[in-house]
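If you read the sequences in order, they're chains L and X. Just so you know, the numbering used here puts 36 at position 36 of the first sequence, and the rest follows in order with no gaps. If you count the second sequence from 1, you need to add 109 to reach the numbering used here. Here a beta-carbon is modelled for each residue, glycine too, at the ideal position from N, C-alpha and C. These numbers come from a predicted model, not from an experiment.
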Amino acid sequence: RKEVEQDPGPFNVPEGATVAFNCTYSNSASQSFFWYRQDCRKEPKLLMSVYSSGNEDGRFTAQLNRASQYISLLIRDSKLSDSATYLCVVNNWGNQFYFGTGTSLTVIP
Amino acid sequence: GAVVSQHPSWVICKSGTSVKIECRSLDFQATTMFWYRQFPKQSLMLMATSNEGSKATYEQGVEKDKFLINHASLTLSTLTVTSAHPEDSSFYICSARPGRIAEKLFFGSGTQLSVL
Chain L
1 RKEVEQDPGP FNVPEGATVA FNCTYSNSAS QSFFWYRQDC RKEPKLLMSV
51 YSSGNEDGRF TAQLNRASQY ISLLIRDSKL SDSATYLCVV NNWGNQFYFG
101 TGTSLTVIP
Chain X
110 GAVVSQHPSW VICKSGTSVK IECRSLDFQA TTMFWYRQFP KQSLMLMATS
160 NEGSKATYEQ GVEKDKFLIN HASLTLSTLT VTSAHPEDSS FYICSARPGR
210 IAEKLFFGSG TQLSVL
C-alpha cells in the first residue's frame with residue numbers, strides 16, 4: 001500500500017465552480033500534512049499546511065481527518081489561474097516526506 | 110519564505126557526458142536536502158536524501174555511483190549525473206528544510222535535463 005494516495009484526476013471545472021480534492025495516508029503516526037501546487041515544469045510551491053482544526057486562506061480551505069486518515073483541499077470560486085497539479089505531502093517523522101501523485105485541475109472559461 | 114536556488118535550469122548534453130546540478134539554500138542553513146526526479150505527468154520520485162557532512166542516503170533502485178551527491182556545506186548540495194544516457198532525461202528538483210525539526214520543504218526551481 002502506498003504511503004499517500006491521491007486521485008490523479010483530471011478535474012475539469014468551469015470558472016467559479018467549487019472543487020474538492022482528497023488524499024489518504026496509510027501511517028496513522030504521520031505528523032505533518034501539506035498541500036503543494038505545481039505548475040507544468042515548475043517546482044512545487046507550498047499552498048497550505050493542514051491542521052486538525054482546519055485552516056482557510058482566501059478561497060482555499062484545507063482539513064485533516066485523523067480518524068479516517070485523509071486530508072482535503074477545497075477551492076471555491078475557481079479561477080483560470082488555479083489550473084495546476086495539486087500535491088498532498090505527508091511527513092511521518094524526521095526526513096520522511098511522502099508525496100501523492102498529484103491531482104490535475106483545469107479550470108475552463 | 111525560504112529561498113532555494115537551483116541551477117542550471119536547462120541542460121542539453123551528449124550521451125556519455127556528466128552533468129552537475131547545484132542546489133543552494135540562500136537564506137537559511139539546510140542540514141538536509143532532498144533530490145527528486147520527475148518524469149512527464151508523473152509524481153516526484155525521491156532519489157536520495159543528502160545530509161551535510163555525511164554520505165547521502167539513496168532510495169531503492171537509485172544507483173549511487175551514477176547519481177553522485179555531495180553536501181559539503183550547510184548551504185550547498187550537488188547532484189552529478191555521471192555518464193548520462195537518454196533514459197536519464199528528466200526534470201530534477203531539489204528541496205531543503207531549515208533545521209532538523211522544520212516541517213516545511215522548500216524547493217529549487219528544477220533542472221530539465223535532456224540527453225541526446
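Residue from the options with nearest C-alpha to residue i
i: L/A29; options: L/K42, L/T103 and L/S68; result: L/S68
i: X/L59; options: X/G125, X/K164, X/N179 and X/R133; result: Given a span of 110 to 225 for chain X in the structure shown, any question on residue 59 of chain X remains unanswerable.
i: X/H194; options: X/K123, X/A111 and X/V112; result: X/K123
i: L/S83; options: L/Y98, L/C40 and L/K2; result: L/C40
i: L/N92; options: L/G102, L/T85 and L/N27; result: L/N27
i: L/Q63; options: L/R37, L/R76 and L/F33; result: L/F33
i: X/N160; options: X/P207, X/I130 and X/H180; result: X/H180
i: X/I130; options: X/L188, X/S223 and X/L222; result: X/L188
i: X/V112; options: L/R59, L/L105 and L/K45; result: L/K45
i: X/I202; options: L/Q38, L/L73 and L/D57; result: L/Q38
i: L/Y51; options: L/F60, L/R59, L/G58 and L/I71; result: L/I71
i: X/V190; options: X/W144, X/L135 and X/R133; result: X/W144
i: X/P149; options: X/S199, X/Y167, X/G219 and X/I121; result: X/S199
Contacts of residue i in chain L (Cβ-Cβ under 7 angstroms)
i: X/L135; result: Simply none; closest approach about 14 angstroms.
Neighbour flag for residue i against chain L, beta carbons, 7 angstroms
i: X/S226; result: With chain X running from 110 to 225 in the structure shown, residue 226 of chain X is simply not present.
i: X/I130; result: no
i: X/S163; result: no
i: X/I202; result: yes
Within chain X, the residues that residue i reaches when beta carbons sit closer than 8 angstroms
i: L/G102; result: S152
i: L/K42; result: S218 and G219
7 angstroms Cβ cut-off: residues of chain A touching residue i
i: L/N95; result: Absent from the structure: chain A. Protein chains present are L and X.
Any non-hydrogen atom of the ligand MG within 6 angstroms of residue i CB
i: L/R37; result: What this structure holds is no ligand at all, so the ligand MG is not there to describe.
Cross-chain neighbours of residue i in chain X, by beta carbon under 7 angstroms
i: L/F99; result: S152 and L153
Residues that residue i contacts on chain X, provided the C-beta gap is smaller than 9 angstroms
i: L/L46; result: G110, K213, L214, F215 and F216
Inter-stretch contact at 8 angstroms, needing at least 3 Cβ pairs: the region 10-30 of chain L / the region 115-133 of chain X: No, they do not touch.
At least 3 beta-carbon pairs within less than 8 angstroms: the region 128-142 of chain X vs the region 179-199 of chain X: The region 128-142 of chain X vs the region 179-199 of chain X: in contact.
Contiguous beta strand (DSSP E) assignments of at least 3 residues, all confined to the region 122-191 of chain X: Within the region 122-191 of chain X, the complete beta strand (DSSP E) segments at least 3 residues long are 128-134, 139-147, 154-160, 176-182 and 185-190, listed from N- to C-terminus.
Ranges of the beta strand (DSSP E) found wholly within the region 16-52 of chain L, counting only runs of at least 3: Correct list: 19-25, 32-38 and 45-50.
Three-pair Cβ contact test at 8 angstroms for the region 100-109 of chain L versus the region 3-14 of chain L: Flag = yes, the region 100-109 of chain L and the region 3-14 of chain L touch.
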